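Right, here's the structure in full:
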(Lines of atoms letter the chains of each structure in order from A and count residues from 1; the text may use other names and numbers.)
(Lines give C-alpha, C1' and ligand atoms only; values in the text may rest on other atoms or scores of the structure.)
Protein backbone atom coordinates (compact mmCIF):
# COMPACT_ATOMS: atom_id res chain seq x y z
CA UNK A 1 0.00 0.00 0.00
CA UNK A 2 2.89 2.38 0.72
CA UNK A 3 4.10 2.02 -2.90
CA UNK A 4 0.62 2.93 -4.15
CA UNK A 5 0.51 6.11 -2.09
CA UNK A 6 4.04 7.01 -3.12
CA UNK A 7 3.14 6.71 -6.80
CA UNK A 8 -0.03 8.74 -6.26
CA UNK A 9 1.97 11.43 -4.47
CA UNK A 10 4.40 11.60 -7.38
CA UNK A 11 1.48 11.82 -9.77
CA UNK A 12 -0.05 14.67 -7.76
CA UNK A 13 3.24 16.53 -7.74
CA UNK A 14 3.75 16.14 -11.45
CA UNK A 15 0.19 17.18 -12.23
CA UNK A 16 0.60 20.30 -10.10
CA UNK A 17 3.94 21.22 -11.61
CA UNK A 18 3.11 20.84 -15.27
CA UNK A 19 -0.58 21.61 -15.38
CA UNK A 20 -2.06 19.02 -17.69
CA UNK A 21 0.79 16.60 -17.20
CA UNK A 22 0.46 13.20 -15.66
CA UNK A 23 2.17 9.97 -14.81
CA UNK A 24 2.06 8.45 -18.27
CA UNK A 25 0.74 8.92 -21.76
CA UNK A 26 -2.67 7.65 -20.67
CA UNK A 27 -2.68 10.12 -17.79
CA UNK A 28 -1.87 13.03 -20.05
CA UNK A 29 -4.67 12.19 -22.44
CA UNK A 30 -7.10 11.78 -19.53
CA UNK A 31 -6.09 15.13 -18.08
CA UNK A 32 -6.73 16.79 -21.39
CA UNK A 33 -10.32 15.61 -21.12
CA UNK A 34 -10.77 17.28 -17.74
CA UNK A 35 -12.69 20.58 -17.58
CA UNK A 36 -10.93 23.88 -17.94
CA UNK A 37 -13.24 25.76 -15.59
CA UNK A 38 -16.10 25.70 -13.13
CA UNK A 39 -18.92 26.43 -15.54
CA UNK A 40 -22.36 25.14 -14.69
CA UNK A 41 -22.40 22.80 -17.66
CA UNK A 42 -21.26 19.25 -17.03
CA UNK A 43 -17.57 18.90 -17.90
CA UNK A 44 -16.22 16.38 -20.31
CA UNK A 45 -16.06 13.11 -18.44
CA UNK A 46 -12.68 11.82 -17.49
CA UNK A 47 -12.62 8.18 -18.61
CA UNK A 48 -12.28 6.83 -15.09
CA UNK A 49 -13.12 3.13 -14.94
CA UNK A 50 -15.78 2.05 -12.46
CA UNK A 51 -13.50 -0.53 -10.93
CA UNK A 52 -9.78 -0.86 -10.67
CA UNK A 53 -8.65 -2.91 -13.67
CA UNK A 54 -6.70 -6.07 -13.11
CA UNK A 55 -3.21 -5.35 -14.40
CA UNK A 56 -1.96 -7.49 -17.23
CA UNK A 57 0.84 -9.88 -16.56
CA UNK A 58 4.29 -8.36 -17.08
CA UNK A 59 6.08 -9.41 -20.25
CA UNK A 60 8.63 -12.17 -20.07
CA UNK A 61 12.19 -10.86 -19.81
CA UNK A 62 14.14 -10.53 -23.01
CA UNK A 63 16.75 -13.13 -23.85
CA UNK A 64 19.44 -10.60 -23.04
CA UNK A 65 18.24 -10.52 -19.43
CA UNK A 66 17.27 -6.84 -19.61
CA UNK A 67 14.94 -5.35 -17.01
CA UNK A 68 11.18 -5.72 -17.29
CA UNK A 69 9.32 -2.62 -18.36
CA UNK A 70 7.06 -1.22 -15.62
CA UNK A 71 3.33 -1.09 -16.28
CA UNK A 72 2.03 2.26 -17.53
CA UNK A 73 -1.56 1.54 -16.48
CA UNK A 74 -3.15 4.48 -14.67
CA UNK A 75 -5.28 3.74 -11.62
CA UNK A 76 -8.64 5.41 -10.93
CA UNK A 77 -7.07 7.25 -7.98
CA UNK A 78 -4.36 8.66 -10.24
CA UNK A 79 -6.93 9.75 -12.81
CA UNK A 80 -8.85 11.46 -10.02
CA UNK A 81 -5.70 13.28 -8.91
CA UNK A 82 -5.02 14.53 -12.43
CA UNK A 83 -8.64 15.66 -12.79
CA UNK A 84 -8.38 17.44 -9.43
CA UNK A 85 -5.17 19.25 -10.35
CA UNK A 86 -6.73 20.47 -13.57
CA UNK A 87 -9.90 21.63 -11.83
CA UNK A 88 -7.91 23.42 -9.11
CA UNK A 89 -6.07 25.54 -11.68
CA UNK A 90 -9.34 27.17 -12.75
CA UNK A 91 -10.33 28.19 -9.20
CA UNK A 92 -9.77 31.57 -7.60
CA UNK A 93 -7.82 31.78 -4.36
CA UNK A 94 -11.03 32.38 -2.40
CA UNK A 95 -12.68 29.36 -4.03
CA UNK A 96 -9.71 27.18 -3.18
CA UNK A 97 -9.71 28.28 0.45
CA UNK A 98 -13.48 27.70 0.71
CA UNK A 99 -12.91 24.12 -0.44
CA UNK A 100 -10.73 23.58 2.63
CA UNK A 101 -13.75 23.88 4.95
CA UNK A 102 -16.13 21.18 6.16
CA UNK A 103 -19.04 22.29 8.33
CA UNK A 104 -22.16 20.99 10.05
CA UNK A 105 -25.61 22.31 9.16
CA UNK A 106 -28.11 21.05 11.75
CA UNK A 107 -31.44 19.40 11.04
CA UNK A 108 -32.99 16.89 8.67
CA UNK A 109 -34.41 19.43 6.23
CA UNK A 110 -32.12 19.37 3.15
CA UNK A 111 -32.96 22.96 2.19
CA UNK A 112 -30.59 24.78 4.61
CA UNK A 113 -27.73 22.46 3.73
CA UNK A 114 -28.28 23.01 0.02
CA UNK A 115 -28.47 26.78 0.51
CA UNK A 116 -25.23 26.75 2.53
CA UNK A 117 -23.47 24.70 -0.16
CA UNK A 118 -24.58 27.06 -2.91
CA UNK A 119 -23.57 30.17 -0.95
CA UNK A 120 -20.25 29.05 0.53
CA UNK A 121 -18.89 26.11 -1.51
CA UNK A 122 -17.25 24.08 1.28
CA UNK A 123 -15.88 20.68 0.30
CA UNK A 124 -18.59 18.97 2.29
CA UNK A 125 -20.53 18.49 5.50
CA UNK A 126 -20.24 16.78 8.85
CA UNK A 127 -23.28 14.86 10.06
CA UNK A 128 -24.24 14.73 13.73
CA UNK A 129 -27.11 13.15 15.60
CA UNK A 130 -29.45 16.05 14.82
CA UNK A 131 -29.06 15.28 11.10
CA UNK A 132 -30.34 11.70 11.41
CA UNK A 133 -33.84 11.16 9.97
CA UNK A 134 -34.31 7.64 11.37
CA UNK A 135 -32.90 5.31 8.72
CA UNK A 136 -30.02 5.02 6.30
CA UNK A 137 -32.44 5.10 3.38
CA UNK A 138 -34.04 8.33 4.56
CA UNK A 139 -30.61 9.88 5.12
CA UNK A 140 -29.54 8.96 1.59
CA UNK A 141 -32.61 10.71 0.18
CA UNK A 142 -32.03 13.74 2.41
CA UNK A 143 -28.40 14.07 1.30
CA UNK A 144 -29.28 13.58 -2.36
CA UNK A 145 -31.72 16.48 -2.14
CA UNK A 146 -29.20 18.66 -0.30
CA UNK A 147 -26.37 18.10 -2.78
CA UNK A 148 -28.27 18.01 -6.06
CA UNK A 149 -27.74 20.55 -8.85
CA UNK A 150 -27.23 23.47 -8.88
CA UNK A 151 -25.63 23.17 -5.44
CA UNK A 152 -23.29 20.39 -6.52
CA UNK A 153 -20.16 21.21 -8.51
CA UNK A 154 -20.16 19.27 -11.81
CA UNK A 155 -17.79 16.33 -11.78
CA UNK A 156 -17.23 16.44 -8.01
CA UNK A 157 -19.21 15.03 -5.09
CA UNK A 158 -19.45 16.93 -1.81
CA UNK A 159 -17.77 14.92 0.95
CA UNK A 160 -20.26 13.78 3.57
CA UNK A 161 -18.59 12.83 6.83
CA UNK A 162 -19.73 11.22 10.04
CA UNK A 163 -18.31 9.96 13.34
CA UNK A 164 -19.44 6.35 13.07
CA UNK A 165 -17.12 4.45 15.38
CA UNK A 166 -19.79 2.12 16.70
CA UNK A 167 -20.53 1.55 20.35
CA UNK A 168 -20.71 4.82 22.27
CA UNK A 169 -20.17 6.91 19.14
CA UNK A 170 -22.74 5.90 16.53
CA UNK A 171 -25.02 8.37 14.76
CA UNK A 172 -27.10 5.83 12.84
CA UNK A 173 -29.58 3.75 14.85
CA UNK A 174 -29.07 0.91 12.37
CA UNK A 175 -25.42 0.62 13.38
CA UNK A 176 -25.77 -2.29 15.78
CA UNK A 177 -22.32 -3.66 14.97
CA UNK A 178 -19.68 -3.98 17.69
CA UNK A 179 -17.66 -0.89 18.55
CA UNK A 180 -14.20 -0.58 20.05
CA UNK A 181 -15.47 -1.20 23.58
CA UNK A 182 -16.06 -4.81 22.51
CA UNK A 183 -13.71 -5.19 19.55
CA UNK A 184 -10.56 -4.59 21.59
CA UNK A 185 -11.16 -7.90 23.39
CA UNK A 186 -12.26 -9.89 20.33
CA UNK A 187 -10.14 -11.43 17.55
CA UNK A 188 -8.84 -9.01 14.92
CA UNK A 189 -11.13 -10.62 12.34
CA UNK A 190 -14.13 -9.30 14.26
CA UNK A 191 -12.90 -5.74 13.73
CA UNK A 192 -12.75 -6.31 9.99
CA UNK A 193 -16.23 -7.83 9.95
CA UNK A 194 -17.74 -5.04 12.02
CA UNK A 195 -16.24 -2.25 9.92
CA UNK A 196 -17.20 -4.02 6.68
CA UNK A 197 -20.84 -3.97 7.78
CA UNK A 198 -20.55 -0.42 9.09
CA UNK A 199 -19.03 0.80 5.81
CA UNK A 200 -21.80 -0.84 3.80
CA UNK A 201 -24.40 0.90 5.95
CA UNK A 202 -22.69 4.27 5.53
CA UNK A 203 -22.39 3.82 1.78
CA UNK A 204 -26.10 3.03 1.56
CA UNK A 205 -26.80 6.18 3.60
CA UNK A 206 -24.88 8.40 1.17
CA UNK A 207 -21.92 8.98 3.50
CA UNK A 208 -18.44 9.11 1.96
CA UNK A 209 -16.05 9.86 4.87
CA UNK A 210 -16.01 8.01 8.17
CA UNK A 211 -14.22 9.67 11.07
CA UNK A 212 -14.50 6.25 12.66
CA UNK A 213 -11.07 4.69 13.22
CA UNK A 214 -9.73 5.66 16.63
CA UNK A 215 -6.00 4.95 16.39
CA UNK A 216 -5.26 6.23 19.88
CA UNK A 217 -3.79 3.74 22.35
CA UNK A 218 -4.40 3.56 26.09
CA UNK A 219 -4.82 0.94 28.78
CA UNK A 220 -6.05 3.51 31.29
CA UNK A 221 -9.76 3.05 32.09
CA UNK A 222 -9.77 6.60 33.50
CA UNK A 223 -9.08 8.07 30.07
CA UNK A 224 -12.15 9.61 28.43
CA UNK A 225 -11.20 7.79 25.24
CA UNK A 226 -10.60 4.31 26.72
CA UNK A 227 -13.90 2.83 25.52
CA UNK A 228 -13.22 4.11 21.99
CA UNK A 229 -9.69 2.76 21.38
CA UNK A 230 -9.28 -0.41 19.33
CA UNK A 231 -6.32 -1.66 21.36
CA UNK A 232 -4.69 -1.16 24.73
CA UNK A 233 -1.13 -1.70 23.47
CA UNK A 234 0.66 -0.78 20.24
CA UNK A 235 0.49 -4.25 18.68
CA UNK A 236 -3.19 -4.93 19.31
CA UNK A 237 -4.19 -1.40 18.32
CA UNK A 238 -2.15 -1.55 15.11
CA UNK A 239 -3.72 -4.81 13.99
CA UNK A 240 -7.27 -3.60 14.55
CA UNK A 241 -6.67 -0.15 13.07
CA UNK A 242 -5.31 -1.75 9.90
CA UNK A 243 -8.25 -4.16 9.80
CA UNK A 244 -10.79 -1.34 10.11
CA UNK A 245 -9.20 0.66 7.30
CA UNK A 246 -8.92 -2.35 5.00
CA UNK A 247 -12.58 -3.17 5.66
CA UNK A 248 -13.76 0.31 4.67
CA UNK A 249 -11.58 0.67 1.56
CA UNK A 250 -13.76 0.98 -1.54
CA UNK A 251 -16.91 1.86 0.41
CA UNK A 252 -16.05 4.98 2.41
CA UNK A 253 -12.90 7.00 3.03
CA UNK A 254 -11.40 6.01 6.39
CA UNK A 255 -9.97 8.52 8.84
CA UNK A 256 -7.38 7.86 11.54
CA UNK A 257 -7.81 9.92 14.70
CA UNK A 258 -6.62 11.68 16.86
CA UNK A 259 -3.03 12.15 15.63
CA UNK A 260 -0.49 12.06 17.23
CA UNK A 261 -2.41 10.10 19.88
CA UNK A 262 -4.88 10.95 22.62
CA UNK A 263 -4.01 8.01 24.82
CA UNK A 264 -1.14 9.68 26.67
CA UNK A 265 -3.41 12.00 28.64
CA UNK A 266 -6.78 11.33 30.29
CA UNK A 267 -7.94 14.92 29.73
CA UNK A 268 -10.76 15.64 27.26
CA UNK A 269 -9.83 17.94 24.37
CA UNK A 270 -13.46 19.03 24.01
CA UNK A 271 -12.98 21.27 27.04
CA UNK A 272 -9.20 21.75 27.35
CA UNK A 273 -5.89 21.35 25.55
CA UNK A 274 -4.56 18.08 27.03
CA UNK A 275 -0.79 18.01 27.48
CA UNK A 276 1.79 15.26 27.87
CA UNK A 277 5.55 15.47 28.28
CA UNK A 278 6.14 12.09 26.62
CA UNK A 279 9.37 12.13 24.62
CA UNK A 280 9.56 11.62 20.88
CA UNK A 281 11.16 8.23 21.50
CA UNK A 282 8.29 7.29 23.78
CA UNK A 283 5.76 8.40 21.17
CA UNK A 284 7.49 6.40 18.44
CA UNK A 285 7.27 3.29 20.60
CA UNK A 286 3.80 3.67 22.10
CA UNK A 287 1.62 5.82 19.85
CA UNK A 288 3.09 5.92 16.36
CA UNK A 289 2.69 2.22 15.41
CA UNK A 290 -1.11 2.25 15.17
CA UNK A 291 -1.13 5.39 13.00
CA UNK A 292 1.63 3.94 10.81
CA UNK A 293 -0.40 0.75 10.42
CA UNK A 294 -3.45 2.74 9.35
CA UNK A 295 -1.44 4.78 6.85
CA UNK A 296 0.08 1.61 5.41
CA UNK A 297 -3.41 0.09 5.14
CA UNK A 298 -4.42 3.00 2.90
CA UNK A 299 -6.32 5.44 5.13
CA UNK A 300 -6.89 8.56 2.98
CA UNK A 301 -7.48 10.96 5.90
CA UNK A 302 -5.82 11.63 9.25
CA UNK A 303 -7.48 13.82 11.88
CA UNK A 304 -5.24 16.00 14.04
CA UNK A 305 -6.08 16.30 17.72
CA UNK A 306 -6.06 19.49 19.76
CA UNK A 307 -3.48 18.13 22.22
CA UNK A 308 0.09 19.02 23.06
CA UNK A 309 3.21 16.88 23.26
CA UNK A 310 5.35 19.48 24.99
CA UNK A 311 8.66 17.72 24.29
CA UNK A 312 7.98 18.01 20.54
CA UNK A 313 6.12 21.33 20.19
CA UNK A 314 4.49 23.75 22.59
CA UNK A 315 1.58 24.18 20.17
CA UNK A 316 -1.31 21.72 19.94
CA UNK A 317 -0.67 19.12 17.24
CA UNK A 318 -3.48 20.58 15.13
CA UNK A 319 -1.54 23.86 14.96
CA UNK A 320 1.94 22.34 14.81
CA UNK A 321 4.10 22.44 11.70
CA UNK A 322 6.40 19.88 13.30
CA UNK A 323 3.68 17.27 13.78
CA UNK A 324 2.52 17.68 10.19
CA UNK A 325 6.11 17.18 9.05
CA UNK A 326 6.30 14.01 11.12
CA UNK A 327 3.08 12.63 9.65
CA UNK A 328 4.12 13.31 6.07
CA UNK A 329 7.84 12.60 6.45
CA UNK A 330 8.18 9.84 9.01
CA UNK A 331 4.90 8.04 8.33
CA UNK A 332 4.79 8.77 4.60
CA UNK A 333 1.19 10.00 4.63
CA UNK A 334 0.06 11.57 1.34
CA UNK A 335 -3.66 12.04 1.99
CA UNK A 336 -5.88 14.70 3.54
CA UNK A 337 -4.95 16.10 6.96
CA UNK A 338 -8.10 17.32 8.71
CA UNK A 339 -8.45 19.07 12.05
CA UNK A 340 -10.70 17.93 14.83
CA UNK A 341 -13.58 20.36 15.36
CA UNK A 342 -11.96 23.80 15.26
CA UNK A 343 -14.48 25.19 17.76
CA UNK A 344 -12.89 22.99 20.43
CA UNK A 345 -9.93 25.37 20.46
CA UNK A 346 -12.21 28.21 21.53
CA UNK A 347 -14.01 25.96 24.01
CA UNK A 348 -10.69 25.29 25.74
CA UNK A 349 -11.07 28.70 27.38
CA UNK A 350 -7.46 29.65 26.68
CA UNK A 351 -7.16 33.28 25.51
CA UNK A 352 -4.66 32.46 22.75
CA UNK A 353 -7.36 30.39 21.00
CA UNK A 354 -10.28 32.76 21.51
CA UNK A 355 -10.21 34.17 17.96
CA UNK A 356 -11.71 31.89 15.32
CA UNK A 357 -10.05 33.55 12.32
CA UNK A 358 -6.61 33.42 13.93
CA UNK A 359 -7.14 29.74 14.68
CA UNK A 360 -8.03 29.09 11.05
CA UNK A 361 -4.90 30.83 9.78
CA UNK A 362 -2.72 28.93 12.24
CA UNK A 363 -4.31 25.61 11.29
CA UNK A 364 -3.65 26.14 7.59
CA UNK A 365 -0.14 27.46 8.29
CA UNK A 366 0.59 24.27 10.22
CA UNK A 367 -0.25 22.14 7.20
CA UNK A 368 -3.88 21.08 7.58
CA UNK A 369 -5.70 20.51 4.31
CA UNK A 370 -9.21 20.66 5.76
CA UNK A 371 -10.71 22.62 8.65
CA UNK A 372 -13.63 20.91 10.39
CA UNK A 373 -16.38 22.88 12.15
CA UNK A 374 -19.17 21.45 14.26
CA UNK A 375 -21.50 24.30 13.22
CA UNK A 376 -22.73 26.24 10.19
CA UNK A 377 -20.13 28.96 10.68
CA UNK A 378 -19.81 32.17 8.71
CA UNK A 379 -16.88 31.11 6.52
CA UNK A 380 -16.22 34.58 5.08
CA UNK A 381 -14.05 36.05 7.89
CA UNK A 382 -11.75 33.02 8.00
CA UNK A 383 -11.49 32.86 4.21
CA UNK A 384 -10.55 36.55 4.19
CA UNK A 385 -7.95 36.04 6.93
CA UNK A 386 -6.36 33.07 5.15
CA UNK A 387 -6.39 35.01 1.87
CA UNK A 388 -4.53 37.86 3.55
CA UNK A 389 -2.02 35.40 5.01
CA UNK A 390 -1.34 34.08 1.50
CA UNK A 391 -1.02 37.56 0.01
CA UNK A 392 1.41 38.59 2.77
CA UNK A 393 3.54 35.48 2.33
CA UNK A 394 2.68 33.80 5.63
CA UNK A 395 1.17 30.87 3.72
CA UNK A 396 2.28 29.92 0.22
CA UNK A 397 -0.36 29.55 -2.47
CA UNK A 398 1.48 26.40 -3.53
CA UNK A 399 0.55 24.89 -0.16
CA UNK A 400 -3.09 25.88 -0.68
CA UNK A 401 -3.00 24.29 -4.14
CA UNK A 402 -1.62 21.02 -2.80
CA UNK A 403 -4.26 20.88 -0.09
CA UNK A 404 -7.07 21.57 -2.51
CA UNK A 405 -5.89 18.92 -4.96
CA UNK A 406 -5.88 16.35 -2.16
CA UNK A 407 -9.45 17.29 -1.26
CA UNK A 408 -10.72 17.47 -4.84
CA UNK A 409 -9.15 14.08 -5.52
CA UNK A 410 -11.39 12.51 -2.87
CA UNK A 411 -14.38 14.43 -4.21
CA UNK A 412 -13.66 13.15 -7.70
CA UNK A 413 -13.15 9.58 -6.50
CA UNK A 414 -16.48 9.73 -4.68
CA UNK A 415 -18.21 11.14 -7.76
CA UNK A 416 -16.90 8.27 -9.87
CA UNK A 417 -17.96 5.73 -7.24
CA UNK A 418 -21.54 6.97 -7.36
CA UNK A 419 -21.64 7.98 -11.05
CA UNK A 420 -19.23 5.69 -12.95
CA UNK A 421 -19.97 7.46 -16.24
CA UNK A 422 -18.55 10.69 -14.78
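Numbering (mature numbering (1 follows the signal peptide of the UniProt record, and there is no 0)), first residue to last: -27 to -1, 1 to 395. Yeah, the Cβ is synthetic: ideal placement off N, Cα and C, and Gly gets one too. Note that the structure is a prediction, hence the values are computed from the model and not measured.
- In the same chain as residue 283, and ignoring 5 residues on each side of it, the C-beta atoms closer than 8 Å to its own belong to 248, 249, 250, in chain order.
- Beta-bridge annotation (DSSP): residue 230 is paired with 187.
- DSSP places residue 218 in the uninterrupted alpha helix (DSSP H) bounded by 207 to 221.
- Distance from the CA of residue 50 to the CA of residue 382, rounded to the nearest whole angstrom, comes to 8 Å.
- In this structure, the CA atom of residue 299 is about 10 Å from the CA atom of residue 261.
- It is roughly 12 Å from the alpha-carbon of residue 155 to the alpha-carbon of residue 138.
- In the displayed model, residue 338 falls within a helix according to three-state DSSP.
- For residue 257 and residue 99, the gap between their C-alpha atoms comes out near 31 Å.
- Residue 344 is bridged by DSSP to 74.
- Straight-line spacing of the CA atoms in residue 242 and residue 345 works out to 15 Å.
- Between residue 166 and the set 102, 69, 391, 215, the nearest pair of CA atoms involves 215.
- Judged by DSSP in its simplified three-state form, residue 202 adopts coil rather than helix or strand.
- Listed in chain order, the beta strand (DSSP E) runs fully inside the region 105 to 151 are 132 to 135, counting runs of at least 3 residues.
- For residue 159, the secondary structure class from DSSP, reduced to helix, strand or coil, is coil.
- Counting along the chain, residue 97 sits inside the beta strand (DSSP E) bounded by residues 97 to 100.
- Counting the other CB atoms within 10 Å of its CB gives residue 386 a total of 16 or more, which places it among the buried residues.
- Take the alpha-carbon of residue 113 and the one of residue 150: they are about 20 Å apart.
- Taking 8 Å as the cut-off, the beta carbon of residue 232 is found closer than this to the beta carbon of residue 277.
- Annotation for residue 309: no alpha helix (DSSP H) segment contains it, though the beta strand (DSSP E) segment containing it runs 309 to 312.
- For residue 197, the three-state secondary structure derived from DSSP is coil.
- By the neighbour-count criterion, in which 16 or more other beta carbons inside 10 Å mark a residue as buried, residue 376 falls on the buried side.
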